[in-house]
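K.L.:
The structure under discussion is supplied below as structure tokens; questions concerning it will follow.
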Amino acid sequence: MASETSGDGGSGGGTGASGPAGEGSVRVDSWIWSVRLAKTRSAGSTACKGGHVRVNGERVKPAYGVHVGDEVRVRQAGGRERIVVVKRLIRKRVGAPVAIECYVDNSPPPPPREAVAPAGIRDRGAGRPTKRDRRDMERLRGAEGQAPAPGPH
Numbered sequence: 041m042a043s044e045t046s047g048d049g050g051s052g053g054g055t056g057a058s059g060p061a062g063e064g065s066v067r068v069d070s071w072i073w074s075v076r077l078a079k080t081r082s083a084g085s086t087a088c089k090g091g092h093v094r095v096n097g098e099r100v101k102p103a104y105g106v107h108v109g110d111e112v113r114v115r116q117a118g119g120r121e122r123i124v125v126v127k128r129l130i131r132k133r134v135g136a137p138v139a140i141e142c143y144v145d146n147s148p149p150p151p152p153r154e155a156v157a158p159a160g161i162r163d164r165g166a167g168r169p170t171k172r173d174r175r176d177m178e179r180l181r182g183a184e185g186q187a188p189a190p191g192p193h
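Per this note's numbering, the very first residue in the sequence shown carries number 41; after that it's consecutive.
What follows is the structure, encoded as structure tokens:
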């Protein structure tokens with residue numbers, strides 16, 4: 041009996057990292073974690089539950105099976121959407137160079153970062169900002185409409 045349960049439980053493991061092309065499917069939350077589109081598997085699962093992951097245009101649950109050739113769209117923090125086509129199924133997280141080989145990235149290029157100096161950076165050794173300096177920095181940051189936090193008076 042013990043040999044039956046251990047043999048049954050290990051059927052999904054196999055080689056772990058990869059398998060033959062006609063292997064079947066892998067959970068979508070596990071796959072986006074494995075190819076480094078999500079930092080953690082639970083983050084991948086949460087993204088699926090929140091509707092941020094689409095496979096072939098349809099919102100999917102975390103346990104949805106991804107197949108080779110499927111188009112996976114993952115909306116990431118900051119509003120950027122990654123559009124990838126599955127080339128290889130993997131179950132375990134791998135290094136970035138190997139992960140890139142598991143999909144074709146059709147994502148639009150990220151928007152260019154603005155070459156403007158960040159607002160509110162003071163020179164080292166300039167001392168504490170005056171009230172006027174602080175108000176100028178808040179105006180540059182766009183925080184002029186916010187109420188100031190109550191201080192311990």
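Glycine is no exception: its CB is placed at the ideal position from the N, C-alpha and C atoms. This one's a predicted model, so the numbers in the text were calculated from it and none came from an experiment.
Identify every residue that forms a DSSP beta bridge with VAL218.
P.N.:
Past the edges of the chain, shown from 41 to 193, lies residue 218, and the structure says nothing about it.
K.L.:
In terms of residue numbering, what span does the alpha helix (DSSP H) encompassing GLU178 cover?
P.N.:
Counting from 1 along the sequence shown, the entry for residue 178 is found at position 138. Segment 171-181, the alpha helix (DSSP H) holding GLU178.
K.L.:
Roughly how many angstroms lie between the CA atoms of SER198 and ARG162, to the nearest whole one?
P.N.:
The chain is shown from 41 up to 193; residue 198 falls before or after that span and cannot be answered.
K.L.:
Is it the case that the region 111-123 contacts the region 136-147, given that we only count it when at least three CB pairs across the two stretches are under 8 angstroms?
P.N.:
Yes, the region 136-147 touches the region 111-123.
K.L.:
By the three-class DSSP mapping on this structure, what secondary structure does VAL75 have?
P.N.:
For the purposes of this step, residue 75 is taken as the residue at position 35 of the sequence shown. DSSP places VAL75 in coil when its eight states are reduced to three.
K.L.:
Within the continuous alpha helix (DSSP H) that includes ILE123, where are the two ends?
P.N.:
Here residue 123 corresponds to residue number 83 of the sequence shown, with the count starting at 1. It is not in any alpha helix (DSSP H) - ILE123 instead sits in the beta strand (DSSP E) that spans 121-126.
K.L.:
Below 8 angstroms on the Cβ atoms is my guess for CYS142 versus VAL75; work out the distance and round it to an integer in Å.
P.N.:
The residue you call residue 142 lines up with position 102 of the sequence shown. The residue you call residue 75 lines up with position 35 of the sequence shown. About 5 angstroms; that satisfies the 8 angstroms criterion.
K.L.:
Count the C-beta pairs between the region 125-139 and the region 105-117 that are closer than 8 angstroms, then say yes if the count reaches three, no if not.
P.N.:
The region 125-139 vs the region 105-117: in contact.
K.L.:
Using DSSP with H/G/I as helix, E/B as strand and the rest coil, what is VAL95?
P.N.:
Stepping through the sequence shown from its first residue, residue 95 is reached at position 55. In the structure shown, VAL95 sits in a strand (DSSP, three-state: E or B).
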